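Inspection log for the structure reproduced underneath, given as structure tokens.
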């Protein structure tokens, strides 16, 4: 929200600069769109932009405001299906704007376009990276770009660039548990398990969200097991079971720990409990040859 407010501040300045060259009705239209945006009425701002585009389909200001408004509508949705529809509309509008001359030096456009692609899922991570990097190359240095880049690079399996981007993110803002856990995942994928462990411990220490804590502890248990620290891994799994209740992944990992110790009977018992809790747990089902 804050980053986009800066984006549209620039839009407002451009609109005022060009205002004297446009009919009064168009100046009033732009002023109203910006007023609605600044009031947080993104649906109304986008609708007014779409009305203007019906008459002037290649108006750069209207295309970008439609795209920015649709993006904001997307991030505000609870339903993934509705969110995707808004992100798709943002992408269409911004890609149309991208064909116009004004886009060549407009890092704001590529910033929002890259984030819209990121929110569309891992299958669009290459485009998220492309446009976020282009925004930075044009001098648009929004504070959340490194974190989005780190996540997008990780989704592509490019863990080296992922940890570079995450390192930048850590320098810019106070890290969240989610960011620290994401950094840990990239380091683990690179085989740097001790570094991953350190970031996960840090994630747990700063977490204020029960789900983020649970996910970090589950991952930490797996990392500790791979570091040949079964006692540490068991302690994490037992904390989860005692503090949060039954959990299929925790039961699976406990089975893995028993298997590592050579106790196949107890291992299979835990894998069965994992499947009972989550019949779709693929790794537990594989272990049981189901």
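Numbering (the numbering used here), first residue to last: 35 to 324.
From the three backbone atoms N, C-alpha and C, an ideal C-beta is built for every residue, glycine too.
Just so we're clear, the structure is a prediction, and the values are computed from it rather than from any experiment.
{"query": "By the three-class DSSP mapping on this structure, what secondary structure does residue 120 have?", "result": "helix"}
{"query": "Provide the residue span of the alpha helix (DSSP H) that contains residue 404, from first to last.", "result": "Here the chain covers residues 35 to 324 and nothing more, so residue 404 does not appear."}
{"query": "Output the residue ranges of the alpha helix (DSSP H) runs that lie fully inside the region 59 to 126 and measure 4 residues or longer, sorted by chain position.", "result": "76 to 89, 94 to 109"}
{"query": "Would you mind listing the alpha helix (DSSP H) stretches within the region 187 to 270 that are 4+ residues and don't spill past its ends, in chain order?", "result": "193 to 206, 211 to 223, 227 to 240, 244 to 260"}
{"query": "Look at residue 253 and residue 215 and say whether their C-beta atoms are less than 9 Å apart.", "result": "yes"}
{"query": "If we ignore side chains and look at the alpha-carbon of each, how far apart do residue 91 and residue 61 end up?", "result": "17 Å"}
{"query": "Would DSSP call residue 160 helix, strand or coil?", "result": "helix"}
{"query": "Measure the CB-CB distance between residue 181 and residue 162 and report whether it falls below 9 Å.", "result": "no"}
{"query": "For residue 295, count neighbouring C-beta atoms within 10 Å of its own C-beta (all shown protein chains included) and say buried if the count is 16 or more, exposed if not.", "result": "exposed"}
{"query": "Do the CB positions of residue 271 and residue 284 come within less than 9 Å of each other?", "result": "yes"}
{"query": "Counting pairs of Cβ atoms below 8 Å between the region 147 to 159 and the region 122 to 131, do you hit three or more?", "result": "yes"}
{"query": "Put residue 17 into one of helix, strand or coil per three-state DSSP.", "result": "One cannot answer for residue 17 here, as it falls past the ends of the chain, which runs 35 to 324."}
{"query": "For the alpha helix (DSSP H) holding residue 287, just list the boundary residues, first then last.", "result": "282 to 294"}
{"query": "Kindly indicate which residue of 313, 314, 321 has the alpha-carbon position closest to the one of residue 287.", "result": "321"}
{"query": "Roughly how many whole angstroms lie between the Cα atoms of residue 171 and residue 141?", "result": "8 Å"}
{"query": "Whose C-beta lies closer than 7 Å to the C-beta of residue 243 among residues of the same chain, with five residues either side of it excluded?", "result": "211"}
{"query": "Residue 170 by DSSP, collapsed to three states: which one?", "result": "helix"}
{"query": "If we count the other Cβ atoms within 10 Å of its Cβ and call it buried at 16 or more, is residue 245 buried or exposed?", "result": "exposed"}
{"query": "With distances taken Cα to Cα, identify the nearest neighbour of residue 154 among 121, 136, 135.", "result": "121"}
{"query": "Tell me whether residue 71, by its Cβ, gets closer than 8 Å to a heavy atom of the ligand ATP.", "result": "The ligand content of the structure shown is nil, which means the ligand ATP is not present either."}
{"query": "Which stretch, first to last residue, makes up the alpha helix (DSSP H) that contains residue 314?", "result": "Per DSSP, residue 314 belongs to no alpha helix (DSSP H) and is neither H nor E."}
{"query": "Which residues bound the alpha helix (DSSP H) around residue 141?", "result": "141 to 153"}
{"query": "What whole-angstrom Cβ distance do residue 138 and residue 100 have, given they're in contact under 8 Å?", "result": "About 19 Å; that fails the 8 Å criterion."}
{"query": "Cβ of residue 152 within 9 Å of Cβ of residue 175?", "result": "no"}
{"query": "Cutting at 8 Å between CB atoms, please list the residues of its own chain near residue 125, excluding the five before and the five after it.", "result": "101, 147, 150, 151, 154"}
{"query": "Please work out which residues of its chain come closer than 7 Å, Cβ to Cβ, to residue 234, disregarding the five sequence neighbours upstream and downstream, and give them in chain order.", "result": "215, 218, 250, 253, 254, 257"}
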